[in-house]
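*Asks:*
Number of protein chains: 2
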Amino acid sequence: MRIALDALGGDFGATPNVLGAVQAAKEFGYNIILVGNEELIKTELAKAGDYPQDKISVIHAPDTIDMGANPARECRTKKDAGIVVCARLVKEGKADAMISAGNSGATMVAALFGIGRIDGVERPAIASPLPTEKGPAVLMDAGANADCDAVNLLQFALMGSIYSNIAYGVKSPVVGLLSIGEEEGKGNLLIKNTTKYIKRLGLNYFGNIEGRDVHTGMIDVIVCDGFVGNIVLKHAEGLAKSMFNMIKGSLKGHPLAAFGMLIAKSALRSIKDRTDPEVYGGAPLLGVKGPVLICHGKSGQKAIYNSIKAAAKLIENKAVETIEEKIVSYKEIFKKAKEHELG
Amino acid sequence: MRIALDALGGDFGATPNVLGAVQAAKEFGYNIILVGNEELIKTELAKAGDYPQDKISVIHAPDTIDMGANPARECRTKKDAGIVVCARLVKEGKADAMISAGNSGATMVAALFGIGRIDGVERPAIASPLPTEKGPAVLMDAGANADCDAVNLLQFALMGSIYSNIAYGVKSPVVGLLSIGEEEGKGNLLIKNTTKYIKRLGLNYFGNIEGRDVHTGMIDVIVCDGFVGNIVLKHAEGLAKSMFNMIKGSLKGHPLAAFGMLIAKSALRSIKDRTDPEVYGGAPLLGVKGPVLICHGKSGQKAIYNSIKAAAKLIENKAVETIEEKIVSYKEIFKKAKEHELG
Numbered sequence: 069m070r071i072a073l074d075a076l077g078g079d080f081g082a083t084p085n086v087l088g089a090v091q092a093a094k095e096f097g098y099n100i101i102l103v104g105n106e107e108l109i110k111t112e113l114a115k116a117g118d119y120p121q122d123k124i125s126v127i128h129a130p131d132t133i134d135m136g137a138n139p140a141r142e143c144r145t146k147k148d149a150g151i152v153v154c155a156r157l158v159k160e161g162k163a164d165a166m167i168s169a170g171n172s173g174a175t176m177v178a179a180l181f182g183i184g185r186i187d188g189v190e191r192p193a194i195a196s197p198l199p200t201e202k203g204p205a206v207l208m209d210a211g212a213n214a215d216c217d218a219v220n221l222l223q224f225a226l227m228g229s230i231y232s233n234i235a236y237g238v239k240s241p242v243v244g245l246l247s248i249g250e251e252e253g254k255g256n257l258l259i260k261n262t263t264k265y266i267k268r269l270g271l272n273y274f275g276n277i278e279g280r281d282v283h284t285g286m287i288d289v290i291v292c293d294g295f296v297g298n299i300v301l302k303h304a305e306g307l308a309k310s311m312f313n314m315i316k317g318s319l320k321g322h323p324l325a326a327f328g329m330l331i332a333k334s335a336l337r338s339i340k341d342r343t344d345p346e347v348y349g350g351a352p353l354l355g356v357k358g359p360v361l362i363c364h365g366k367s368g369q370k371a372i373y374n375s376i377k378a379a380a381k382l383i384e385n386k387a388v389e390t391i392e393e394k395i396v397s398y399k400e401i402f403k404k405a406k407e408h409e410l411g
Numbered sequence: 069m070r071i072a073l074d075a076l077g078g079d080f081g082a083t084p085n086v087l088g089a090v091q092a093a094k095e096f097g098y099n100i101i102l103v104g105n106e107e108l109i110k111t112e113l114a115k116a117g118d119y120p121q122d123k124i125s126v127i128h129a130p131d132t133i134d135m136g137a138n139p140a141r142e143c144r145t146k147k148d149a150g151i152v153v154c155a156r157l158v159k160e161g162k163a164d165a166m167i168s169a170g171n172s173g174a175t176m177v178a179a180l181f182g183i184g185r186i187d188g189v190e191r192p193a194i195a196s197p198l199p200t201e202k203g204p205a206v207l208m209d210a211g212a213n214a215d216c217d218a219v220n221l222l223q224f225a226l227m228g229s230i231y232s233n234i235a236y237g238v239k240s241p242v243v244g245l246l247s248i249g250e251e252e253g254k255g256n257l258l259i260k261n262t263t264k265y266i267k268r269l270g271l272n273y274f275g276n277i278e279g280r281d282v283h284t285g286m287i288d289v290i291v292c293d294g295f296v297g298n299i300v301l302k303h304a305e306g307l308a309k310s311m312f313n314m315i316k317g318s319l320k321g322h323p324l325a326a327f328g329m330l331i332a333k334s335a336l337r338s339i340k341d342r343t344d345p346e347v348y349g350g351a352p353l354l355g356v357k358g359p360v361l362i363c364h365g366k367s368g369q370k371a372i373y374n375s376i377k378a379a380a381k382l383i384e385n386k387a388v389e390t391i392e393e394k395i396v397s398y399k400e401i402f403k404k405a406k407e408h409e410l411g
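From first to last, the protein sequence lines stand for chains A and B. The opening position of the first sequence corresponds to residue 69 in our numbering, with each subsequent residue numbered one higher. The opening position of the second sequence corresponds to residue 69 in our numbering, with each subsequent residue numbered one higher.
Next comes the structure, spelled out in structure tokens:
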């Protein structure tokens, strides 16, 4: 198991990346390839104490991606940036997966163009965990594709279901289409077109769900375009925070205010913990020819360690191969959906 | 001030409608026209005690809308259904506004076809209150239009701003486009097309907002298509409930569990109260030639009473005329946006 890690990616530089890698290498014996400025990485490694030297290698990648610049241009012109080199390693079969806590737009671009899409996958998408009353659900797409067609959504459903099974061990993930109105076919044009074909994909398909059903835990894979998905993801985060602030305001001066705040904080945590990137690791970009994990910029050692574990799970369980197989076996349905949509 | 009320609309039949009407007529001296089965209405009126008889009139409308059936067909074939008659009264100048807690799809259809759109308004939309840390924001469109173009969104922004001013007294409402990414033009194709023209509408335009900004209170009018709007509205409701359930679970067995649950309940209420239909009354369908308020099916007397107050506010402040004026004065911009979108 060889995992390429963008060792300087993220808001905290090399430290959490190197420490997370060392921890995972020690514990599981994975081969971690640290990609980035060699000097900085080696300085961190020297501080990391004992580690299995044969399990950790370093590849020098001196270029740095400018966060404010256009990700596509950055990746094209900076051949020796950490994420670009990580993607190349996967492409050339020298690594089995890649992980980055750097610029997520650039990571996506590097993966898409450096590794490439799985044959038949039109648009790779980000699968993000969403907190529910019964554990995390998979939200797919969480923001990679702002404009989608029915084929995209059908493929998101398929890939999300495979991921829910591998990452969370759900045997037959319940798949729901996020829409307005529960009746079949209710929603916008995109939902209507998707509904015509989704039942033929051999999924445990529930039907339409509404915004209010997202966090109940009755659905394992919530399918929507990346515009809606990203709004829902950030809306959950924002609402939890605002509720916390409102409670704080209403408790002011209350004799048991301190205890009340503890409860309120636990309420906020109940949401945050269930999707904590430190626990769940990065969100995968599904649909490219190799496991790619996009981590939060604020990932600490634990997040990187957990992302390495998550990447290993995807490799071991042949996530890419399974997606490839399913996409091929339903290609006639995607073709029909595309023809239908084009009128 | 003459307000037509669909007196049998809603889950509780005539009682809350008649009581709410009597309360408003007594308190403000509005003329309320109760529309529906005359016998049932008169039975309720007889129970309502003293009321100003010259302020309450009854119009017999015996047809009933079948909730499960197609709203458009129902409204077309049942000329003597309560909402159809209400719309006719507004159309014929015999009422200044209409209110219904009945089937909201049918209310929309009755208003659209019975009263008609304001000249130049392409798609009337529902303005719903959303709870924020600083009072309610206006969400526009909350679900009337699942598929929208840029002209629709531009008009939603304009109408939502006028409504925020009239209904909540916000002097210069801050208008935000709900999108993914805060930078100008970031989002899907619809947002990109809308962004090109929205600055020319003379609004207090903030720019893009993200899902996390919805409840902070920094934005007074949140503009999106009805698909996204309805998902956000129901998502807020569902997340608040799920958080409550998660807190409940985590408090089990805690010595201060009872107090904790009080706090948790107040947290849930903090969200619910701020959009309580009982307090805010119905949500208006903006863009038709007469104030139309769509109430929650579970509206009680207080909700109906408050909706009557809200309708009066829209009449007094000439909401329809103001929308008409603004739509006319920006018609060149709508034309350009339409041409641009059609390529």
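Think of the CB as a built atom: it goes at the ideal place given N, C-alpha and C, for glycine as much as any other residue. From a predicted model like this one, the values you see are computed outputs, not experimental measurements.
Whose Cβ in chain B lies nearer than 7 Å to the Cβ of I133 of chain A?
*Replies:* Under the 7 Å cutoff, chain B gives no residues; its nearest Cβ is about 17 Å from I133 of chain A.
*Asks:* Using a beta-carbon distance below 7 Å, is R141 of chain B in contact with chain A?
*Replies:* It does not: the Cβ of R141 of chain B has no partner Cβ on chain A nearer than 7 Å.
*Asks:* In terms of residues, what are the limits of the beta strand (DSSP E) holding P197 of chain A?
*Replies:* Note, P197 of chain A: beta strand (DSSP E), 193–198.
*Asks:* Mind listing the chain B neighbours of V282 of chain A? Cutoff is C-beta to C-beta under 9 Å, in chain order.
*Replies:* Ordered by position in chain B, the residues that pass the 9 Å Cβ test against V282 of chain A are I299, K302, H303, G306, L307, S310.
*Asks:* Who are the neighbours of A214 of chain B on chain A, taking C-beta pairs under 7 Å?
*Replies:* Within chain A, the residues near A214 of chain B are I248, G255, N256.
*Asks:* What is the C-beta distance between A304 of chain A and L198 of chain A, in whole angstroms, given that I count them as a contact (C-beta under 8 Å)?
*Replies:* Going by Cβ atoms, the distance from A304 of chain A to L198 of chain A rounds to 7 Å, so yes, they are a contact pair.
*Asks:* Leaving aside the five residues before and after E106 of chain A along the sequence, list all residues of the same chain whose C-beta is less than 7 Å from its C-beta, in chain order.
*Replies:* Closer than 7 Å at the Cβ level, and outside the excluded window around E106 of chain A, lie V126, H128.
*Asks:* I'd like the list of long-range same chain contacts for V219 of chain A, defined as Cβ closer than 6 Å, with 5 residues on each side in sequence excluded.
*Replies:* Contacts found: E190, F402, A405, K406.
*Asks:* Would DSSP call Y98 of chain B helix, strand or coil?
*Replies:* In this structure, Y98 of chain B counts as coil in the three-state DSSP scheme.
*Asks:* Would you mind stating whether L102 of chain A and G150 of chain A have Cβ atoms separated by less than 7 Å?
*Replies:* No, these two residues do not count as a Cβ contact at 7 Å.
*Asks:* Taking Cβ positions only, does S229 of chain B come closer than 7 Å to chain A?
*Replies:* Taking Cβ atoms only, chain A never reaches closer than 7 Å to S229 of chain B, which makes this a no.
*Asks:* Compare the C-beta of F295 of chain A with all C-beta atoms of chain B and state if any pair is closer than 7 Å.
*Replies:* Yes, contact with chain B.
*Asks:* Nearest to D131 of chain A by alpha carbon, out of A:A140, A:V153, A:T200, A:L113?
*Replies:* That would be A:V153, whose Cα lies nearest to the Cα of D131 of chain A.
*Asks:* Mark L257 of chain B as exposed unless 16 or more other C-beta atoms lie within 10 angstroms of its C-beta, in which case mark it buried.
*Replies:* Its Cβ having fewer than 16 others within 10 Å, L257 of chain B is exposed.
*Asks:* At 9 Å on the CB atoms, spell out the chain A contacts of F327 of chain B, in chain order.
*Replies:* Residues of chain A passing the Cβ test: L324, F327, G328, I331.
*Asks:* If contacts are defined as beta-carbon pairs under 8 Å, then G374 of chain B and G294 of chain B qualify, I think. What distance do you get, rounded to the angstrom?
*Replies:* It should be noted that the sequence gives Asn, not Gly, for residue 374 of chain B. 24 Å between Cβ atoms; not a contact.
*Asks:* Whole angstroms is fine: what's the gap from K264 of chain B's alpha carbon to Q223 of chain B's?
*Replies:* Straight-line Cα distance between these residues: approximately 14 Å.
*Asks:* Could you say which of A:S172, A:G173, A:V158 lies nearest to M166 of chain A if we only look at CA atoms?
*Replies:* It is A:V158.
*Asks:* Would you kindly work out how many angstroms separate the C-alpha atoms of E251 of chain A and G297 of chain A, rounded to a whole number?
*Replies:* Whole-angstrom Cα-Cα distance: 21 Å.
*Asks:* What residues in the region 161–176 of chain B have a beta carbon less than 8 Å from any beta carbon of chain A?
*Replies:* Result list empty, no residue passes.
*Asks:* For G253 of chain A, which residues of its own chain have a beta-carbon under 6 Å away from its beta-carbon, when the five flanking residues on both sides are left out?
*Replies:* Taken in chain order, the residues that qualify are K260, T263.
*Asks:* Within 10 Å of its beta-carbon, does V396 of chain B have 16 or more other beta-carbons around it, so buried, or fewer, so exposed?
*Replies:* Counting Cβ neighbours within 10 Å, V396 of chain B comes out exposed, since fewer than 16 surround it.
*Asks:* Quick check on E278 of chain B - is its C-beta less than 7 Å from some C-beta in chain A?
*Replies:* So yes, E278 of chain B belongs to the interface.
*Asks:* Under 8 Å Cβ-Cβ, which residues of chain B neighbour T200 of chain A?
*Replies:* In chain order: S310.
*Asks:* Is the beta carbon of N85 of chain A sitting closer than 7 Å to the one on I287 of chain A?
*Replies:* No; because the gap between Cβ atoms is not below 7 Å, this pair is not in contact.
*Asks:* G211 of chain A versus chain B: which residues are under 7 Å apart at the beta carbon?
*Replies:* Those are I248, listed as they occur along chain B.
*Asks:* Use the C-beta contact count for L180 of chain B: other C-beta atoms within 10 angstroms, 16 or more gives buried, fewer gives exposed.
*Replies:* With 16 or more Cβ atoms within 10 Å of its Cβ, L180 of chain B is classed as buried.
*Asks:* Residues of chain B with CB under 9 Å from S196 of chain A, in chain order?
*Replies:* Per Cβ cutoff of 9 Å: no residues; S196 of chain A is ~13 Å from chain B at best.
*Asks:* With the cut-off set at 7 Å, would you say P192 of chain B and L353 of chain B are in Cβ contact?
*Replies:* Contact flag set, yes.
*Asks:* Identify, in the order they occur along the chain, each residue of the same chain with its Cβ nearer than 8 Å to the Cβ of M135 of chain B, setting aside the five sequence neighbours on each side.
*Replies:* Cβ within range, chain order: N171.
*Asks:* Give a yes or no on whether the C-beta atoms belonging to I266 of chain B and G244 of chain B are separated by under 7 Å.
*Replies:* No, the pair does not count as a contact, with Cβ atoms beyond the cut-off.
*Asks:* Let me know if K357 of chain A comes out buried or exposed under the rule of 16 or more other beta-carbons within 10 Å of its beta-carbon.
*Replies:* K357 of chain A is buried by the Cβ-count criterion.
*Asks:* Please return the same chain residues whose Cβ sits closer than 6 Å to the Cβ of A82 of chain B, not counting the five positions on each side in sequence.
*Replies:* If we look at A82 of chain B and ignore the five residues flanking it on each side, its Cβ neighbours are A75, L76, L108, I109, E112.
*Asks:* Is it buried or exposed for Q121 of chain B, if we count other Cβ within 10 angstroms and need 16 for buried?
*Replies:* Q121 of chain B should be labelled exposed.
*Asks:* Leaving out the 5 sequence neighbours to the left and right, which residues in its chain are closer than 6 Å to G173 of chain A when beta-carbon positions are compared?
*Replies:* So the qualifying residues of the chain are P139.
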